Amino acid sequence: MATWMWIILVLVALAAGLVLGFLGARKYMEKYLKENPPINEEQLKGMMLQMGQKPSKKKLNQMMNSMKRNAK
């Protein structure tokens with residue numbers, strides 16, 4: 017096989033590997049973030065207490081729902 021054919025084969029394999037690697041990593045991260053959200057209700061409650069607010073259940077639910085809507 018000629019040298020130029022090897023170069024083309026390597027470039028095609030590299031491009032395919034990059035595309036498949038990117039798509040696989042993206043799918044993995046989407047699944048990970050869906051299963052492990054970046055913030056939960058306890059963390060939100062702690063942040064509100066640090067800011068000097070008294071978190072009520074209603075306010076926590078509103079904020080969590082707002083964050084879920086914004087994430088979609």
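For the sequence shown, the positions run 17 to 88 when this note's numbering is used.
Glycine included, each C-beta is placed from N, C-alpha and C at the ideal position.
As the structure is a computational prediction, the values presented were derived from the model and not from experiment.
Span of the alpha helix (DSSP H), counted from its first residue to its last, around residue i
i     : result
Ser82 : Lys73 to Ala87
Gln69 : No alpha helix (DSSP H) holds Gln69; DSSP gives it neither H nor E.
Tyr23 : Correcting the residue type first, residue 23 is Ile in the shown sequence and not Tyr. Start and end: Thr19 to Glu51.
Presumed contact (8 Å Cβ cut-off) between residue i and residue j, rounded CB distance
i     : j     : result
Pro71 : Lys61 : 5 Å
Contact check, residue i vs residue j, beta carbons under 7 Å
i     : j     : result
Leu76 : Glu57 : yes
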